[in-house]
Amino acid sequence: MENMKMELLQILQQDCRITLEKLSVMLGQPAQVIAETLDEMEKSGVILRYTPVINWDRVGKERVEGMIEVRTTPQRDQGFDAIAKRIYRFDEVKSVYLMSGAYDLLLLVEAPTLKELALFVSSKLSVLDNVVGTATHFVLKCYKNDGIIFEDEPKDRRLAVNP
Amino acid sequence: MDYSRFLNASVSAVPKSGIRKFFDIVQTMPRAISLGVGEPDFVTPYHIRNAAIDSLLDGETQYTSNWGKQSLRDEIAYYIKRRFGLKYSPQNEILTTIGASEGIDLALRAMLSPGDEVVVPEPSFVSYCPGVIFAGGVPVPIVTDAKNNFMLTAEALLASITERTKALIMPYPNNPTGGVIDKASLEKLRDVIIEHNLIVVSDEVYAELTYSPQGHVSIASLPGMRERTVYINGFSKAFAMTGWRIGFACAPAPLMESMVKIHQYAIMCAPIQAQVAAEEALKRGREDNYADITVMRESYNQRRRLMYAGLRKMGLECFEPLGAFYTFPSIRETGLSSEDFCQRLLREKEVACVPGTAFGDCGEGFIRCCYATALDKLTVALERIDEFLKSL
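Residue numbers (our numbering), protein chains in the order written: chain A, 1 to 163; chain B, 164 to 555.
As structure tokens, then:
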């Protein structure tokens, strides 16, 4: 059963629009069982959302992404959780990670323009009480995201027909 | 200039591969989806490729022993013992070859004298019969039946044995049918093989791609068979290493002595980087219980179920293949020959399959469809085959 769950998640990670019927055939399990397993994983928070991976560069819409290293002062009893919570509530913030090493939190942020992103750092982020310092890096190009290569797909190198 | 005087008559007499003609047409159709491939759609796992890169950077560019590196043969001995219960000495019973194909060729050339007969169950891989002929032998094809999941039966074997019969080729798990053979059937075959004093050349290159709960059983693991089996395996299918050309053959020392003689004069040794890569594949496997294989097999198995169900749903008669990465549905109901079916499917719907006749005359009425192809392509290919069938 655990094995089936893993296989199921791996298939969904490649294509979450796959039909229940197809999943049932591929995993050799009744559709009912697959549906129940999915339901359970959705409820227990294993599966949070089914979203597309988008290559925004090809959409042609102006958009700026950045990574921000944040150094903070951890708070008594709460460690980094309280400050992380403050930060992840901003709409500009797409992801927040607690890190080991030279800084504490790593943010993935997004804004329509460079100016707005800069403004977010100076007026919203830096001014928080427990933020000691920030370092902002702008994303120039995305090569790979969530296991998907954004460059043009490498062709199937195999001969089309062989014995 | 007339070259016929210079050409070996028996080589000239062997017809060109039927697959070649087909390949030439597919080449002109870049948008076609090919179910005609005969190799994994994975690239070799990264750590294996990296081992070969390191070896090159370290300057490992020399010959190895004719047998292959001792460290690799030690790993092979451990691997076949653990996975298939086979015991061969890494000193003088395991030979590293240029793919499994060389192993088959060596076995046939080492054993056959002019006129010796070799029984070849069909449909099966394209190289066996030509290999027998090139070695001076006479191939004796046996037809296996879809009703019996293309398994060779003891009765059929018995009926094809003459006083010139020397060897039997065992092609399981099977390319092109995807058929496997179970232990009970192997035991019945063994009795005939021993009674008639035959040698078996067992091509088990798809052994790791077996989807039955019982798993693969090697004929060499049966009591009384080790001494009369040349066991052939390789890294191409199990570790997605087709282009490396690396495999191995195992045989009792007296047989192996002759095989090595041919190998040392004709080949010298398998390429050193391919040997290093193969050793890495097995070393890592020893530690992580061959996780590389498990990951790929699970993925093939998902697609196997999808393709088998898809073909059945569109009304094609098809037995459930439990090995390799092929399905072998019957297209007899359409009234078309295998060749015509594949040609029209390719021209009209841009899907390439291989006519069953490429794998022996008894492949007429069947086509080989390989499911080692990306899921989205496989889905579209199935839709197109369905449309094609409806258009007939």
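We put the CB at the ideal spot given by N, CA and C, even for glycine.
Beta-carbon spacing of residue i, residue j below 8 Å
{"i": "residue 187 of chain B", "j": "residue 535 of chain B", "result": "no"}
{"i": "residue 383 of chain B", "j": "residue 392 of chain B", "result": "yes"}
{"i": "residue 223 of chain B", "j": "residue 430 of chain B", "result": "no"}
{"i": "residue 410 of chain B", "j": "residue 231 of chain B", "result": "no"}
{"i": "residue 444 of chain B", "j": "residue 455 of chain B", "result": "yes"}
{"i": "residue 303 of chain B", "j": "residue 283 of chain B", "result": "yes"}
{"i": "residue 296 of chain B", "j": "residue 173 of chain B", "result": "yes"}
{"i": "residue 277 of chain B", "j": "residue 299 of chain B", "result": "yes"}
{"i": "residue 15 of chain A", "j": "residue 235 of chain B", "result": "no"}
{"i": "residue 351 of chain B", "j": "residue 317 of chain B", "result": "yes"}
{"i": "residue 487 of chain B", "j": "residue 260 of chain B", "result": "no"}
{"i": "residue 514 of chain B", "j": "residue 544 of chain B", "result": "yes"}
{"i": "residue 364 of chain B", "j": "residue 332 of chain B", "result": "yes"}
{"i": "residue 156 of chain B", "j": "residue 269 of chain B", "result": "This structure cannot speak to residue 156 of chain B, because chain B is shown only from 164 to 555."}
{"i": "residue 509 of chain B", "j": "residue 195 of chain B", "result": "yes"}
{"i": "residue 372 of chain B", "j": "residue 460 of chain B", "result": "yes"}
{"i": "residue 197 of chain B", "j": "residue 82 of chain A", "result": "no"}
{"i": "residue 90 of chain A", "j": "residue 124 of chain A", "result": "yes"}
{"i": "residue 387 of chain B", "j": "residue 357 of chain B", "result": "yes"}
{"i": "residue 465 of chain B", "j": "residue 6 of chain A", "result": "no"}
{"i": "residue 336 of chain B", "j": "residue 309 of chain B", "result": "no"}
For residue i, three-class secondary structure by DSSP
{"i": "residue 122 of chain A", "result": "helix"}
{"i": "residue 391 of chain B", "result": "helix"}
{"i": "residue 280 of chain B", "result": "strand"}
{"i": "residue 189 of chain B", "result": "helix"}
{"i": "residue 150 of chain A", "result": "coil"}
{"i": "residue 533 of chain B", "result": "strand"}
{"i": "residue 434 of chain B", "result": "coil"}
{"i": "residue 61 of chain A", "result": "coil"}
{"i": "residue 464 of chain B", "result": "helix"}
{"i": "residue 115 of chain A", "result": "helix"}
{"i": "residue 145 of chain A", "result": "strand"}
{"i": "residue 261 of chain B", "result": "coil"}
{"i": "residue 2 of chain A", "result": "helix"}
{"i": "residue 423 of chain B", "result": "helix"}
{"i": "residue 527 of chain B", "result": "coil"}
{"i": "residue 355 of chain B", "result": "helix"}
{"i": "residue 480 of chain B", "result": "strand"}
{"i": "residue 380 of chain B", "result": "coil"}
{"i": "residue 458 of chain B", "result": "helix"}
Own chain partners of residue i with C-beta closer than 6 Å, once the 5 adjacent residues on each side are dropped
{"i": "residue 339 of chain B", "result": "286, 489, 491, 522, 531"}
{"i": "residue 549 of chain B", "result": "477"}
{"i": "residue 1 of chain A", "result": "none"}
{"i": "residue 281 of chain B", "result": "295, 300, 302, 330"}
{"i": "residue 403 of chain B", "result": "203, 205, 207"}
In DSSP terms, what residue i is bridged to
{"i": "residue 75 of chain A", "result": "A/79"}
{"i": "residue 362 of chain B", "result": "B/330"}
{"i": "residue 137 of chain A", "result": "A/67"}
{"i": "residue 109 of chain A", "result": "A/66, A/93"}
{"i": "residue 396 of chain B", "result": "B/411"}
{"i": "residue 489 of chain B", "result": "B/533"}
{"i": "residue 197 of chain B", "result": "B/515"}
{"i": "residue 98 of chain A", "result": "A/105"}
{"i": "residue 52 of chain A", "result": "In DSSP, residue 52 of chain A forms no bridge with anything."}
{"i": "residue 302 of chain B", "result": "B/281"}
{"i": "residue 373 of chain B", "result": "B/486"}
{"i": "residue 543 of chain B", "result": "Paired residues: none, contrary to the question."}
Nearest-angstrom beta carbon gap, residue j and residue i [assumed within contact, 8 Å]
{"i": "residue 558 of chain B", "j": "residue 494 of chain B", "result": "This structure cannot settle anything about residue 558 of chain B, because the visible part of chain B is limited to 164 through 555."}
{"i": "residue 114 of chain A", "j": "residue 64 of chain A", "result": "5 Å"}
{"i": "residue 22 of chain A", "j": "residue 469 of chain B", "result": "7 Å"}
{"i": "residue 249 of chain B", "j": "residue 399 of chain B", "result": "Residue 249 of chain B to residue 399 of chain B, Cβ: 19 Å. No contact."}
{"i": "residue 236 of chain A", "j": "residue 68 of chain A", "result": "Chain A is shown from 1 up to 163; residue 236 of chain A falls before or after that span and cannot be answered."}
{"i": "residue 71 of chain A", "j": "residue 39 of chain A", "result": "The Cβ separation is near 42 Å, so there is no contact."}
Beta-carbon contacts of residue i that lie in its chain and below 8 Å, excluding the five residues immediately before and after
{"i": "residue 180 of chain B", "result": "289, 521"}
{"i": "residue 219 of chain B", "result": "436"}
{"i": "residue 497 of chain B", "result": "504, 552, 555"}
{"i": "residue 143 of chain A", "result": "149, 150, 151"}
Any chain C beta carbon closer than 8 Å to residue i
{"i": "residue 469 of chain B", "result": "Going by chain labels, chain C is absent from the structure shown, which instead holds the protein chains A and B."}
Own chain partners of residue i with C-beta closer than 7 Å, once the 5 adjacent residues on each side are dropped
{"i": "residue 93 of chain A", "result": "87, 107, 109"}
{"i": "residue 375 of chain B", "result": "343, 485"}
{"i": "residue 314 of chain B", "result": "307, 342, 344, 348"}
{"i": "residue 501 of chain B", "result": "494, 518, 519, 520, 526, 527, 528, 529, 530"}
{"i": "residue 228 of chain B", "result": "432"}
{"i": "residue 244 of chain B", "result": "250"}
{"i": "residue 355 of chain B", "result": "317, 320, 321"}
{"i": "residue 132 of chain A", "result": "71, 72, 73"}
{"i": "residue 257 of chain B", "result": "236, 239, 240, 251, 411, 413"}
Residue i: CB within 7 Å of a non-hydrogen atom of the ligand SAM
{"i": "residue 352 of chain B", "result": "This structure lacks the ligand SAM; in fact it carries no ligand of any kind."}
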